[in-house]
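Under our numbering, the residues of the sequence shown are numbered 2 to 91, in order. C-beta atoms are modelled at their ideal positions from N, C-alpha and C, and glycine is treated no differently. Read through the structure below, which is laid out as structure tokens, and then see the notes.
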Amino acid sequence: MRQRFRFQSWTTRQDPKSEPEYKTVCVADDGDKACLAESQTEATPDDADDWMRAHLRDTGHRHFRRTFTDFAELVPTDQLEPARVQRVTA
Ligand SMILES: [Zn+2]
2 MRQRFRFQSW
12 TTRQDPKSEP
22 EYKTVCVADD
32 GDKACLAESQ
42 TEATPDDADD
52 WMRAHLRDTG
62 HRHFRRTFTD
72 FAELVPTDQL
82 EPARVQRVTA
């Protein structure tokens, strides 16, 4: 029998157990076709930027498609920690 969650309320959040991923593809066109060189999956935006700068140095290409991927999880709303708000009194 399948488990049912009909009366449970859920919210989506970024999965804290997985790091986001960054990837870059060169879309520069040398006249007859796009380069389409791809970076590895990078751990930070700076790593993706380093790849673009190295590709620019090697090829002169300056146009890229960047993608950011994160991982999500559904969490029962009754298991979320209450929001912590600090009032600013000046
Ligand atoms: Zn390129």
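The beta carbon of residue 60 sits closer than 8 Å to at least one heavy atom of ligand 1. Collapsing the DSSP output to three states places residue 73 in a strand. Distance from residue 44 to residue 27 at the Cβ level is roughly 20 Å; contact not present, criterion being Cβ atoms closer than 8 Å. Excluding residues up to 5 positions away in sequence, 73 and 75 lie with their Cβ nearer than 7 Å to the Cβ of residue 13 in the same chain.
For residue 53, the CB contacts under 7 Å within the same chain, skipping 5 residues up- and downstream, are 25 and 65 in chain order. Relative to ligand 1, the nearest heavy atom lies less than 8 Å away from the CB of residue 38. Taking 9 Å as the cut-off, the beta carbon of residue 15 is found no closer than this to the beta carbon of residue 79.
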